[in-house]
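Residue numbers (my numbering), protein chains in the order written: chain A, 1 to 179; chain B, 1 to 342; chain C, 1 to 390. Glycine is no exception: its CB is placed at the ideal position from the N, C-alpha and C atoms.
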Amino acid sequence: MPQLPGLIKGLGVTARTAGRTLFPKRGWKTFIPAPQKGAVTVQYPHEKEAPPDRARGVIALHEENCTACMLCSRQCPDWCIYIEGHKVKAPPRRAGGKPRTVNMLDRFDIDYALCMYCGICVEVCPFDALFWTPEYEYSEPRIADLLHDKDRLGEWMETVPDFLDYEAGSEEKVRKVPR
Amino acid sequence: MTSLLALPYWQETAIKLGLALAVIPATSLILVYLFLFKMMAFMQSRLGPNDTGPYGSLQLIAEAIKFLQKEDIHPAQADRRVFRMAPVVVLASTFLLYVVLPAGPDAVVQNLDTGVFYAMAVSSLSVLGILMAGWASANKYALLGGLRAAGQLIAYELPLILAVMGVVVQAETLNLQGIVEAQATGEIFGFGAIGNPFILTQFLAFLIFMIAAQAELTQTPFDMPVAETELVGGFHVEYTGFRFLLFFMAEFGTAFAFSALAAVMFLGGWWIPGFDVHDNVLNILGPGVMLAKILLIAFFIFWIRFTYPRLREDQLQKFAWKVLIPLALANIVLTGIFKVVF
Amino acid sequence: MTATSDREQMAYVAAQAADARINVELDTGDMTLNIGPQHPATHGTLRIACRLDGEQVVVAEPIMGYMHRGYEKLCEVRTYPQCTTLINRIDWLGSFANEVPFILAAERLMEVEAPPRAQWIRTILFELSRIANLALFLGDMGVQIGALTPVFFAFRDRERVLNQIEEVTGGRFHPNFDRIGGLKDDIPKGWIDETRSVMTKMRTFCDEMEDLLVGNEIFQARCRGVGVIPGDVAVGYGLSGANLRASGIDWDLRRDANPGLAWDQIDWRVWTHPDGDSFARYWVRLQETREATRIVDQLLDGIPSGPIMAKVPRIIKVPAGEAYVSTENPLGEMGYYIVSKGDLGPFRVKIRTPSFNNISVVPWVMKGVYVPDVITILGSLYFILGDIDR
Ligand code: SF4
Ligand code: SF4
Chain A
1 MPQLPGLIKG LGVTARTAGR TLFPKRGWKT FIPAPQKGAV TVQYPHEKEA PPDRARGVIA
61 LHEENCTACM LCSRQCPDWC IYIEGHKVKA PPRRAGGKPR TVNMLDRFDI DYALCMYCGI
121 CVEVCPFDAL FWTPEYEYSE PRIADLLHDK DRLGEWMETV PDFLDYEAGS EEKVRKVPR
Chain B
1 MTSLLALPYW QETAIKLGLA LAVIPATSLI LVYLFLFKMM AFMQSRLGPN DTGPYGSLQL
61 IAEAIKFLQK EDIHPAQADR RVFRMAPVVV LASTFLLYVV LPAGPDAVVQ NLDTGVFYAM
121 AVSSLSVLGI LMAGWASANK YALLGGLRAA GQLIAYELPL ILAVMGVVVQ AETLNLQGIV
181 EAQATGEIFG FGAIGNPFIL TQFLAFLIFM IAAQAELTQT PFDMPVAETE LVGGFHVEYT
241 GFRFLLFFMA EFGTAFAFSA LAAVMFLGGW WIPGFDVHDN VLNILGPGVM LAKILLIAFF
301 IFWIRFTYPR LREDQLQKFA WKVLIPLALA NIVLTGIFKV VF
Chain C
1 MTATSDREQM AYVAAQAADA RINVELDTGD MTLNIGPQHP ATHGTLRIAC RLDGEQVVVA
61 EPIMGYMHRG YEKLCEVRTY PQCTTLINRI DWLGSFANEV PFILAAERLM EVEAPPRAQW
121 IRTILFELSR IANLALFLGD MGVQIGALTP VFFAFRDRER VLNQIEEVTG GRFHPNFDRI
181 GGLKDDIPKG WIDETRSVMT KMRTFCDEME DLLVGNEIFQ ARCRGVGVIP GDVAVGYGLS
241 GANLRASGID WDLRRDANPG LAWDQIDWRV WTHPDGDSFA RYWVRLQETR EATRIVDQLL
301 DGIPSGPIMA KVPRIIKVPA GEAYVSTENP LGEMGYYIVS KGDLGPFRVK IRTPSFNNIS
361 VVPWVMKGVY VPDVITILGS LYFILGDIDR
């Protein structure tokens, strides 16, 4: 039944992989075993994985831009955005103009225990108030703590990366992140 | 027993027993760490455990502690007494194997004149334990696993013994120490500079022995009795905690013992090829030499284990009866003829 | 106490009955073995109830529904953009491929067409998710029959493909990137070159699998002639995808009924195998993975420039009507039948998933095989639980 070649080849594949893991190619140092470099796995708590810039890790809120229009909260497939606001009279933009009414945000919570990271809220927001950031370290021992309020969401703004340039042939305009 | 101080019989026995008891966990620790954790990880582009102790070497101890903490569960329908006894029986078979393994000219627990015979007989005790485990678990998967194990171990016992016969015929003794001596003093057609490790003259027997040992140890490609993806672990599916640990230790302890047997019979055991060293030196160096040879053999066992898929039960039986046994018989006949002619 | 004594009594009665049977007919009786719902070979909660005679299967019956999530019903109370987030989760390994037929069906109802650049990028992502999906199969099949290592290779190399998907869409598993009328965003700079090098790596992975499994005599002994599905039976049970092509039926929706994606503009071929056994299914998928890397390479060369979004209103209302669009997904034909009454969301969605049909052949093919072969066949039919139960 078993003929040698196929079986031997298989052994060769595993041995080669073991060799590459133990002795990754790196010039003259190849002969010093360095499995830490050869292995493809990321040793998580010791080193951090770097997700791509577009990765949907956590949502950041740029509070000044939000008008409490509720679009995101209505479009969210599992309704995990909670918004409350009230109207205030603001001084006119130009001297002599009419006083304006603006929406003040009282509450803006996203429940990450429910969120399914679909990105619809970020996409529908007409005022550029929501952004994705690739951060992922915000797990909590208590599920209730996964509800991020507007301050917590605002803190994420610092981690928002700039939008990436597009590949040649694209007609899209690169958007700017408000800082 | 000359080099050891002349101790009373009971003290000597106690020391030997203690050694044997310490050796099994130690050996399975070495094998598991080196091969199951590290080598397998490297073969799969991973690192393996690396947080517990230096380079993760204490991982297995941590695992053992975890197993000890676990609740000891008996299935409701299980045959309790048999269920509890099974892992002990399996482990006992491993313990008994260690009795005859020589690590130096005098470093052996008991130098039996029928060493090979004894080792073969004792190693098949584990079938009993596995069958007990499979039956007593009152689980269909476990039962299937146990029955498969019984069928497989019996089928492969035969080529194992037949392969050993070739060595025995050539060495003209059943004593494991005698076999080592025969290799140290032997010559291949008058050329004796490196002695005669039987792997050279008995290569066929070595191959058959390794294949049969692989099956005996239920390692892939002959691991149907455990077969995680079909029988979800086979005979030990219902075992938890301490009892599972016993099975686990027995598995690797036996792997070590079989590698040791192969090292003794085919690689010349504690003897260093090409060097004529005094016995007392060998008593000290021997265990190291032996360990190196054992690890070499174990490396192949585990390399194959991590690479190959498993066979089906009927294919395995066919392979044993139609290929291995005839080959082993032919090997004995050939060895006999050579022995008489030369 | 009552429970125990009840159980004892039942055991007693059962033992009596068993004794009687043995005494009367000398019949040891068949054993019923439940493979699943929690069993490593079913990678999900599928249950296969087998009646065994020794280790031989007399009858095998797949029992599904343990993971039914009611997506067809949920879609009725969601808007179109929200539906795609659900649809991602049907065949979770090739999720971008799930979105495409749904979006295409909706586009057909709205009579919009995505611009060519969007179609090409769609096709690329579609093929990438095919590679990611099939790569896992190529390794997983090894685990099903006992080889430990291939699956780690598969996870290692699939991760590279998933990273490429994530770099464009932002999601490894649930891209939610396809929109009615185009795509959500364009591809970032440097992505094309990275993807090319990943495709080279994937071809190496395919070679490794060839050495590790396909060429391995033990693998062949386990898979050749096991679970043979002849072509007519395969068609009769409605198999699709690689399972059908492995039975010698040359049928591929990418070529035969291309719903507008870029497949017709490049040079590729459909792989078939005449045997119809587990080995053929593995082999066809392996070749398809290779072919997909080649397709991606060609597509990367020729991405046309232009916009990625057609003109669609911001609030999407699909006019009343019905449409069915199916594509050749990694697992086989996946189709969406959308009935719209002109609302924000669909009135009714019928999802035709490939795994559901593929698994229906199980009772036929598993008659008389051994227990280990059950696993080989299940592995080689390759189903995703979410795809069966949706
Ligand atoms: S990502 Fe999706 S689920 Fe999460 S808050 Fe936004 S819309 Fe809701
Ligand atoms: S985040 Fe955007 S969509 Fe949501 S309420 Fe604020 S402005 Fe409206």
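Of all the options the options, which has the alpha carbon lying nearest to the alpha carbon of residue i?
| i | options | result |
| --- | --- | --- |
| Asn163 (chain C) | C:Leu344, C:Arg156 and C:Arg172 | C:Arg172 |
| Trp219 (chain B) | B:Phe252, B:Phe198, B:Phe242 and B:Gln177 | Note that residue 219 (chain B) corresponds to Gln in the displayed sequence, not to Trp. That would be B:Phe252, whose Cα lies nearest to the Cα of Gln219 (chain B). |
| Pro287 (chain B) | B:Phe299, B:Phe300, B:Trp270 and B:Ile154 | B:Trp270 |
| Lys341 (chain C) | C:Ile351, C:Gln265, C:Ala323 and C:His68 | C:Ala323 |
| Gly241 (chain B) | B:Leu68, B:Ile294, B:Val88 and B:Ala250 | B:Leu68 |
| Gly345 (chain C) | C:Gln9, C:Asn88 and C:Ala106 | C:Ala106 |
| Trp92 (chain C) | C:Thr32, C:Leu74, C:Asn176 and C:Thr149 | C:Asn176 |
| Gly349 (chain B) | B:Leu160, B:Leu162 and B:Phe198 | Nothing in the structure corresponds to residue 349 (chain B), since chain B is present only between 1 and 342. |
| Asp165 (chain A) | C:Thr149, C:Met64, C:Arg156 and C:Gly190 | C:Gly190 |
| Gly268 (chain B) | B:Phe206, B:Asp223 and B:Gly234 | B:Phe206 |
| Val168 (chain C) | C:Ala118, C:Lys201 and C:Gly142 | C:Ala118 |
| Trp135 (chain B) | B:Phe42, B:Val82, B:Lys339 and B:Ile301 | B:Val82 |
| Trp132 (chain A) | A:Ile143, A:Arg93, A:Lys176 and A:Ala90 | A:Lys176 |
| Thr153 (chain C) | C:Met202, C:Gly170 and C:Leu109 | The sequence given here has Phe at residue 153 (chain C), not Thr. Nearest of C:Met202, C:Gly170 and C:Leu109 to Phe153 (chain C), Cα basis: C:Met202. |
Just the Cα atoms here: how many angstroms apart are residue i and residue j?
| i | j | result |
| --- | --- | --- |
| Val24 (chain C) | Asp30 (chain C) | Below a pLDDT of 50, predicted positions are generally treated as unreliable, and Val24 (chain C), at 49, falls in that range; the measurement from the model is reported next regardless. Rounded to whole angstroms, Val24 (chain C) to Asp30 (chain C) spans 16 angstroms at the Cα level. |
| Gly321 (chain C) | Ala234 (chain C) | 33 angstroms |
| Ile83 (chain A) | Lys150 (chain A) | 10 angstroms |
| Leu316 (chain B) | Ile208 (chain B) | 14 angstroms |
| Ile22 (chain C) | Gln56 (chain C) | With a pLDDT of only 49 at Ile22 (chain C), under the threshold of 50, the placement of this residue in the model should not be trusted; the figure read from the coordinates follows. Between Ile22 (chain C) and Gln56 (chain C), the C-alpha separation is close to 20 angstroms. |
| Met1 (chain C) | His74 (chain B) | Here the model assigns Met1 (chain C) a pLDDT of 39, short of 50, so the residue's position is not dependable, and the following value carries that caveat. So the two alpha carbons sit approximately 19 angstroms from each other. |
| Asp140 (chain C) | Leu245 (chain B) | 28 angstroms |
| Gly215 (chain C) | Lys9 (chain A) | 8 angstroms |
| Glu61 (chain C) | Gln38 (chain C) | 16 angstroms |
| Arg56 (chain A) | Ala129 (chain A) | 16 angstroms |
| Val167 (chain B) | Val180 (chain B) | 11 angstroms |
| Ile308 (chain C) | Glu111 (chain C) | 17 angstroms |
| Ala68 (chain A) | Met104 (chain A) | 7 angstroms |
| Ala18 (chain A) | Gln44 (chain B) | 7 angstroms |
| Glu171 (chain A) | Asp207 (chain C) | 39 angstroms |
| Ile325 (chain B) | Gln152 (chain B) | 14 angstroms |
| Val59 (chain C) | Ser247 (chain C) | 23 angstroms |
| Ser139 (chain A) | Gly48 (chain B) | 25 angstroms |
| Ile121 (chain C) | Asp185 (chain C) | 10 angstroms |
| Leu329 (chain B) | Leu162 (chain B) | 7 angstroms |
| Pro230 (chain C) | Gln220 (chain C) | 19 angstroms |
| Gln11 (chain B) | Gly115 (chain B) | 23 angstroms |
| Phe126 (chain C) | Cys72 (chain A) | 28 angstroms |
| Phe117 (chain B) | Glu172 (chain B) | 13 angstroms |
| Met366 (chain C) | Leu378 (chain C) | 9 angstroms |
| Ala168 (chain A) | Ala49 (chain C) | 55 angstroms |
| Leu385 (chain C) | Ile61 (chain B) | 37 angstroms |
Round the Cβ separation of residue i and residue j to the nearest angstrom and send it over; I've been treating them as touching at under 8 angstroms.
| i | j | result |
| --- | --- | --- |
| Met209 (chain C) | Leu138 (chain C) | 5 angstroms |
| Val284 (chain C) | Arg245 (chain C) | 5 angstroms |
| Ile181 (chain A) | Ile32 (chain A) | This structure gives no information on residue 181 (chain A), because the portion of chain A shown stretches from 1 to 179. |
| Gln77 (chain B) | Ala133 (chain B) | About 14 angstroms separates the two Cβ atoms, so there is no contact after all. |
Exercise. Any residues in the segment 53-69 of chain C with a beta carbon nearer than 9 angstroms to a beta carbon of chain B? Which ones, in chain order?
Worked result: Glu55
Exercise. Using a Cβ cut-off of 8 angstroms, which residues of the segment 286-311 of chain B contact any Cβ in chain A, in chain order?
Worked result: Trp303, Ile304, Phe306, Thr307 and Tyr308
For this session: Give the residues from the segment 3-16 of chain A that approach chain B closer than 8 angstroms (Cβ to any Cβ), ordered along the chain.
Result: Leu7, Gly10, Leu11, Val13, Thr14 and Ala15
Exercise. Using a beta-carbon distance cut-off of less than 9 angstroms, what residues from the segment 29-48 of chain A approach chain B?
Worked result: If the cut-off is 9 angstroms between Cβ atoms, the segment 29-48 of chain A has Pro35, Gln36, Gly38, Ala39, Val40, Thr41, Gln43, Pro45 and His46 near chain B.
Exercise. For the segment 48-62 of chain A, which residues have a beta carbon sitting closer than 8 angstroms to at least one beta carbon of chain C?
Worked result: Pro51, Pro52, Asp53, Arg54, Ala55 and Arg56
Problem set entry | Residues in the segment 138-151 of chain C having any Cβ partner in chain B nearer than 7 angstroms | Gly142, Val143, Gln144, Ile145, Gly146, Ala147, Leu148 and Thr149
For this session: Report yes or no: do the segment 117-135 of chain C and the segment 17-29 of chain B share at least 3 C-beta pairs separated by less than 8 angstroms?
Result: no
Problem set entry | Residues, ordered as in the chain, of the segment 136-147 of chain A that lie near chain C by beta-carbon distance below 8 angstroms | none
Exercise. If we count Cβ pairs, one from each stretch, closer than 8 angstroms, do we get three or more for the segment 86-103 of chain C versus the segment 326-336 of chain C?
Worked result: yes
Exercise. Does the count of Cβ pairs from the segment 29-43 of chain B and the segment 51-59 of chain B closer than 8 angstroms reach three?
Worked result: The answer is yes - the segment 51-59 of chain B touches the segment 29-43 of chain B, with three or more Cβ pairs under 8 angstroms.
Exercise. Which residues, in chain order, does the segment 149-179 of chain A contribute to contact with chain C at a C-beta distance below 8 angstroms?
Worked result: Leu164, Asp165, Tyr166, Glu167, Ala168, Gly169, Ser170, Glu171 and Glu172
Exercise. Is there contact between the segment 76-92 of chain A and the segment 109-126 of chain A, where contact requires at least three CB pairs shorter than 8 angstroms?
Worked result: The segment 76-92 of chain A makes contact with the segment 109-126 of chain A: 3 or more CB pairs, one atom from each, lie closer than 8 angstroms.
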